[in-house]
Amino acid sequence: MTKIFVGSAPLQKTVPTQYCAKDNSRLQFERTIDHPLYAMLHGYTQKGEAVKIILCVTDHSVAKENAIVMKDSIHRMGEEFGFIPEIIELMLENDEGLVSHASLLSNLVKLCGEDDVFYVDITYGTKPTPIVFFNFLRFMSRAHNSGIGCVCYARFEHKNPDKPSYIYDISPLYMMTTIIDHIAESNQSDPNRLFDLLLGEMNP
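What the sequence shown shows, in the numbering used here, is residues -13 to 190, in sequence order.
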């Protein structure tokens, strides 16, 4: 089993901020950072633990510059907190066609194995990227017995940088796909009622 962290290098210049964790205290990192992946690494790694980081980098000048900074920051975090990072840079075409997204999905799968546990940040990347990441997680969990440690999304108020920035654990949103599958396969006479009940348990 390997802990695998997945994220994207931003396509724009980033602004350092301190994120406030809304749903998961392990994402609370009392530092000013410019990428939420650092908060996940801080919260979900242990001293002496070897982890893999897959950094998706679009063929774009700003993304490449950000990737250099991110790799350096991750290595420095490893030295400070004691985890051992293996960083894999996954280069992506600057294209939003189906072939490009299918290639990303295929390459992610090839980099992983059995029983891995995934920690995925969907904050950055283009708009289809989270869909690719969710399909990747779904395939790995169903076909390779992988676990989902955390899926996070961070929000920064670009128009009002003085407002608080938040980081959210949206793992339950991913888990809804499993709930929907179970409901659809259970031949319930009133599937909407069961769906509402399950949603109510997620949001008491």
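Ideal Cβ placement from N, Cα and C applies to all residues, glycine included.
Candidates the options, of which the one nearest residue i by Cα
i	options	result
residue 101	129, 143 and 30	129
residue 103	37, 41 and 9	37
residue 53	173, 78 and 31	78
residue 65	33, 85 and 81	33
residue 131	123, 138 and 137	123
residue 141	152, 133 and 135	152
residue 47	68, -4 and 92	-4
residue 108	31, 183 and 154	154
residue 165	183, 175 and 150	183
residue 73	138, 186 and -9	-9
residue 86	21, 59 and 114	114
residue 96	82, 83, 76 and 111	76
residue 35	-13, 118, 69 and -7	69
residue 30	20, -2, 51 and 11	11
residue 121	90, -12, 50 and 22	90
residue 144	-1, -11, 80 and -13	-1
residue 82	170, 63 and 117	117
Counterpart residues of residue i in DSSP-defined beta bridges
i	result
residue 71	37
residue 3	19
residue -8	40 and 106
For residue i, the first and last residue of its enclosing beta strand (DSSP E)
i	result
residue 141	133 to 141
For residue i, the three-state DSSP class (helix, strand or coil)
i	result
residue -13	coil
residue 148	coil
residue 156	coil
residue 50	helix
residue 175	coil
residue 9	coil
residue 167	helix
residue 64	helix
residue -3	coil
residue 45	coil
residue 111	coil
Alpha helix (DSSP H) segment containing residue i, residue limits
i	result
residue 121	115 to 129
* Taking only runs that begin and end inside the stretch 74 to 104, name each unbroken alpha helix (DSSP H) of 4 or more residues, in chain order. => 84 to 96
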